[in-house]
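Be aware that the sequence shown starts at 1, since it is given in this note's numbering, and climbs by one per residue.
We treat Cβ as the ideally placed atom computed from N, Cα and C, and that holds for glycine.
Written below as structure tokens is the structure these notes are about.
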Amino acid sequence: MNRFSPLPTRHRFSLAWRVTALSSLLLLILVALFIWLGHHHLAQQFESSRLAHHERQQREIRLALQRSANNLRQLAGLTASAPPLVDALAVGDTTAIDDALRAQWPSLQLEAGIDEVFVFDPLGRLLGHSGGIQSAVDIPVEGWVEDVLAREAPITTLRCGLNCQQYAAVPILMEGSSIGMVVLSRSLADVTREAREVSGSEVALMVTGYSGTPGMDASRRIAQWNGHLVALTSREVTLPLLERAALTAPIVELAERPLNLPYAERYLELSAVYMEDDADWRSTGYFLLISDVTAQTVAIQKATNTLLLLGVVGWLAAELLLLAILLGPMARLRRVAALLPALARGDFTGVRGKLPQRAPRLSNEIDVLENATRTLANQLEHLESSVTEHSSQLAERIDELAHERDFVNSLLDTAQVFIVVHDREGRIQRVNAYTRTRLALKDSELMGRYFADIFDHAPLTGLPSRFIAKDAPLDTALTTPQQEEKILQTADKRCCTVVWYHSVLPVSPRDDALRISVGLDITERKAAEERLTWLAERDPLTELFNRRYFQDALQSALLKNSEGAIVLLDLDQFKEINELSGHHVGDHLLREVAETLFLNLGQRSIIARLGGDEFALLLEGVSSEQAISMAGYISQLLSGIGFQSAGRKHHISASMGIALFPLHGRTPADLLASADMAMYKAKESTHQRWYLLSQAENAKDELQDRVYWVEQLHHALENDSFELMVQPIVHLFDQSMKHYEVLLRLRAPDGSLIAPQHFIAIAEQSGLVVPLDRWVLRHSLEALGTLQARGISLAVNLSGQSLHDLELKQYLTDELQRSGTDPHHLILEVTETAAITDFSTARNVLQTVRDLGCRTALDDFGIGFSSFHYLGQLPVDYIKIDGSFIRSLLINPDSHTIVKAIADIAKGFGKQTIAEFVDQAALLPILKEYGIAYGQGFYVGKPLPLAQLLKG
């Protein structure tokens, strides 16, 4: 069969009939939906109106019951207030009571419809009765009597049994006291008539739950509702309807929602009104209302039928109109469809002759189609003539491509990369000269072999290999270009890293398209990358991990929700080793420490040098006890190094801070800050080389506080924001004040003065205490330039770190010359603790100061009795007795002994004594008795600004 031959024709419905059928189906669905919505809307409106009517009937019946009850109570009140009845009841004359009731009975029965009248005494005994034959036993007389007489107010109630009766009980009053009770009862006949007149419905009164009497009319019993009909209108119609309704729904549902029933070619609605005032627990009363709703139901049905008729007529009209619109265009469309086979056969002239030559002014889609068919005929005719012309050009192009192919082949052979062409199964089809040279193989040894057999030995990366086995077709793995790295062993037995780029050749039109793999030798580049990676993660001096790698590892542990500890250690006296032996010795020591830590702990932790002489260990999965044990082990390792340099042996130790994660921080920065704070606390400790933060300590807040104070101290030193105060040291025997101690205060941004205990410790830890001492010395000497003329001396405190300041002597000499101050008026104080801690250094510094002409004092003396031995060897002029002994002189006998001993020893060594914290007059006689010459404290003189002392 010719591939251009027409397809066999199949007879089917035309497009016009298909459109008509589908639109008919859609319109029928819309018409049905419209009719249903209209009917549903009318039914809902009818149901809503009937529910409102039902509620209105309930309200009207309850109002009728309430009006009847109020009327009955008024009649009972009139009966109870009749004088003959009151007088007869007062004397207990039953005959007179009956006469009084008979006198009123005709009007009560005929005019008010009263069924019975009862008269009871306060004990509930029946004294009189008129009308009916009902026994008073059926009513709760005792309860009514007790209630009415107690409240002296009438009550009304409804009780349904064999029939439904309304009762009104009213007290009989005489001279303000209740002497009895009158009870009137009346049936609901009047209420039933009123309900029928108001609602326009048939009415029935039914009592449910009452067991009844043997004489009850069985024809009026509704067994399904367990009730009997007390009264009903139109019995012949009403009773059968009620019996049928009882089979359909329970009485409780009728009280909530009306029931519609078709009956005798009518549509009736049945509803029930529950009598809430029924006080008889044995039974329940209901008003049953039967309404004729035939007219409304028939109206809804007529409206629905009208909608149905209109929908069908509209559907028919729309379909006829649609068919009339489609017939003409569909005929033209069929004509165009019949021309297409001729167009396929090449009858271009015949097709153009059967098409209209001119397009109408108001064109539509079919006009466009006819014009497109004509244009297509012209274009196909032109295309057929062009094919012959291009055939010769194609032959010329084939020759050009052959030349280009030869050029590409020579280009591939000169490229210094691996180029391999293979089929979808991985069989090699072609390689370039560079590949043959590197492999030392010929084409015959490569062609037809699998790519994986030669090049795929050990993938360098974790990526899956694209050419794994002979039975793995490459077309499933190479839907898109892929890149990977592999190890290749060349002919010279060298292993090189080759990055391969695999892709499908886009020029192949066959299903078994070829693949090309281009490989670049990146061995040298990989070596350079690995070296850069090593340098990025390692410390060049110790070859341990650096700070960045340690922080990344710590972050990774935190992200895994791991628990553990970090140990931050700082070598002690490393600065001294650097200064004494040189930086090359310090570097050698760092390498020794790093090697010791790595050899002993490298398998159990990540060890890093953070910088300087700081090292850190990351311990995952360890407890606080294990971390402490590890710190002790590190101390043993460091002490066993035995480092020597230039004939000098150095004892190696470190202060270690331990922080647990995530307890002491959830970020690397917070954990390192916590460990750093713990390390500083270890440096301050005197009994162990490590410190573990407790759970309650907040290292981050403490570090922030420390940073804050360091910034404040730097700012104060740069801007002279300190304030100097002076406190007099009074001569106790002549009360002269020629000696003042200089006190330092920091002025806060709000102008207040901050005592030194808030920032001195931070200054010592941060290395700012020496600049602080120099600031105080400089400003004190400037003040002495003025005060020395008045014979005043100033005492300045030196910190323990200033004792190790090698430039202190030169600085003091320069400042004395600059200020022109007499050195004798400057007294330098050092604490007993600082002097005893480094006795040799303290003695040399104090002697140097005395050689300059200054005087010296030993502050806070007495807190360590070991200092008595050194007292004679320290070159000091004054001994300041610690204030804790002075303040307790009046209450502690031991303080008397200590203070007297200090005074005697000082006098024996030719030194003067000063008592600190003299805060009350009773201390003065004791101090004088012990020969203490000077006193300092709030009693003898409070601190005042230095500027005030300068003004005199």
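(request) With DSSP as the reference, label L617 as helix, strand or coil. (result) Strand, per DSSP.
(message) What does the alpha-carbon distance come out to for the pair A659 and W534?
(response) Approximately 28 Å, taken between the alpha carbons.
(request) Could you spell out the range, first to last residue, of the alpha helix (DSSP H) harbouring I606? (result) For I606, no alpha helix (DSSP H) encloses it; the enclosing beta strand (DSSP E) starts and ends at I606 to G611.
(message) Can you look up P262 in the DSSP assignment and give me helix, strand or coil?
(response) In this structure, DSSP gives P262 an extended state, which the three-state scheme calls strand.
(request) Give the straight-line distance between the Cα atoms of N797 and F909, rounded to the nearest whole angstrom. (result) Cα-Cα distance, rounded: 22 Å.
(message) So, with DSSP's three-state summary, where would you put K880?
(response) Three-state result, K880: strand.
(request) Starting from the N-terminal side, write out each stretch of the beta strand (DSSP E) that is 3 residues or longer and does not extend beyond the segment 169-230. (result) Runs of the beta strand (DSSP E) lying entirely within the segment 169-230 and spanning at least 3 residues, in chain order: 177-187 and 202-208.
(request) Tell me whether H228 is buried or exposed, calling it buried when 16 or more other Cβ atoms sit within 10 Å of its Cβ. (result) In this structure H228 is buried. Its beta-carbon is surrounded by 16 or more other beta-carbon atoms within 10 angstroms.
(request) Could you tell me if R515 is buried or exposed, where buried requires 16 or more neighbouring beta carbons within 10 angstroms of its beta carbon? (result) Buried, because 16 or more other Cβ atoms sit within 10 Å of the Cβ of R515.
(message) Three or more C-beta pairs under 8 Å: does that hold for the segment 385-403 against the segment 424-431?
(response) Output reads no: the segment 424-431 does not touch the segment 385-403.
(message) Once DSSP output is grouped into helix, strand and coil, what is the label at R59?
(response) In the structure shown, R59 sits in a helix (DSSP, three-state: H, G or I).
(request) Please specify which runs of the beta strand (DSSP E), each continuous and at least 3 residues long, are wholly inside the segment 416-443, giving them in chain order. (result) If we require 3 residues or more, the beta strand (DSSP E) runs fully inside the segment 416-443 come out as 418-422 and 428-431.
(request) Have a look at V170, R159 and H714 and flag the residue whose alpha-carbon is nearest the alpha-carbon of E152. (result) When each option's Cα is compared against that of E152, the closest is V170.
(request) Rank L589, I454, L558 and S177 by C-alpha distance to the C-alpha of L541 and give the top, closest one. (result) Measuring from the Cα of L541, the nearest candidate turns out to be L589.
(request) Would you kindly report the start and end of the unbroken beta strand (DSSP E) that includes H804? (result) Run containing H804: none; DSSP gives neither H nor E here.
(message) Using DSSP's beta-bridge definition, name the partner residues of L794.
(response) Partner(s): Y740 and L826.
(request) Provide the residue(s) that pair with C495 in DSSP beta bridges, ordered along the chain. (result) In the DSSP assignment, the residues bridged to C495 are Q489.
(request) Taking only runs that begin and end inside the segment 763-791, name each unbroken beta strand (DSSP E) of 3 or more residues, in chain order. (result) For the segment 763-791, there is no continuous beta strand (DSSP E) assignment of 3+ residues that stays within its boundaries.
(request) Give the range of the beta strand (DSSP E) segment to which E116 is assigned. (result) Residues E116 to F120.
(request) Name the residue from L924, E47, G519 and A88 whose alpha carbon lies nearest to the alpha carbon of L488. (result) Of L924, E47, G519 and A88, the residue nearest in Cα terms is G519.
(request) For F287, name the three-state secondary structure that DSSP assigns. (result) Here F287 sits in strand by DSSP.
(request) Taking only the alpha-carbon atoms, compute the straight-line gap between L127 and G77 and give it to the nearest angstrom. (result) Distance between the alpha carbons of L127 and G77: 18 Å.
(message) At the level of alpha carbons, what is the spacing between G953 and K942?
(response) Lying before the first or after the last residue shown, residue 953 is absent from the chain, which here runs from 1 to 952.
(request) Would you check if there are 3 or more beta carbon pairs closer than 8 Å linking the segment 237-254 to the segment 285-305? (result) With the cut-off at 8 Å, the segment 237-254 and the segment 285-305 touch.
(request) Use the C-beta contact count for A911: other C-beta atoms within 10 angstroms, 16 or more gives buried, fewer gives exposed. (result) The amino acid occupying residue 911 in the given sequence is Lys; Ala does not appear at that position. By the beta-carbon neighbour count (other beta carbons within 10 angstroms, threshold 16), K911 is buried.
(request) Determine, using beta carbons only, whether L601 and A675 come nearer to each other than 8 Å. (result) No.
(request) With a 10 Å radius around its C-beta and 16 neighbouring C-beta atoms as the bar for buried, classify L787 as buried or exposed. (result) L787 is classed as buried because its beta carbon has at least 16 other beta carbons within 10 Å across all chains shown.
(message) Only counting the same chain, and skipping five residues up and downstream in sequence, which positions put a Cβ closer than 6 Å to that of A80?
(response) Excluding positions up to five away in sequence, the list reads V170, I172 and V182.
(message) If distances are taken between C-alpha atoms only, which option among Y633, Q66, H382 and E202 comes closest to E276?
(response) Among Y633, Q66, H382 and E202, the Cα nearest to that of E276 belongs to Q66.
(request) Return helix, strand or coil for T373, following the three-state DSSP convention. (result) DSSP places T373 in helix when its eight states are reduced to three.
(request) Name the two residues that bound the continuous alpha helix (DSSP H) containing S840. (result) Here the alpha helix (DSSP H) through S840 covers F839 to D851.
(message) Classify N432: buried if its beta carbon has 16 or more other beta carbons within 10 angstroms, exposed otherwise.
(response) Classification for N432: buried.
(request) Pull up the distance between the alpha-carbon of V769 and that of H664, whole angstroms please. (result) Cα-Cα distance, rounded: 30 Å.
(message) Quick check on the DSSP output: the alpha helix (DSSP H) that includes F722 runs from which residue to which?
(response) Boundaries for F722: no alpha helix (DSSP H) harbours it, while the beta strand (DSSP E) harbouring it runs F722 to P728, taken from the DSSP string.
(request) Could you give the DSSP three-state label for G448: helix, strand or coil? (result) G448 falls in the coil class under three-state DSSP.
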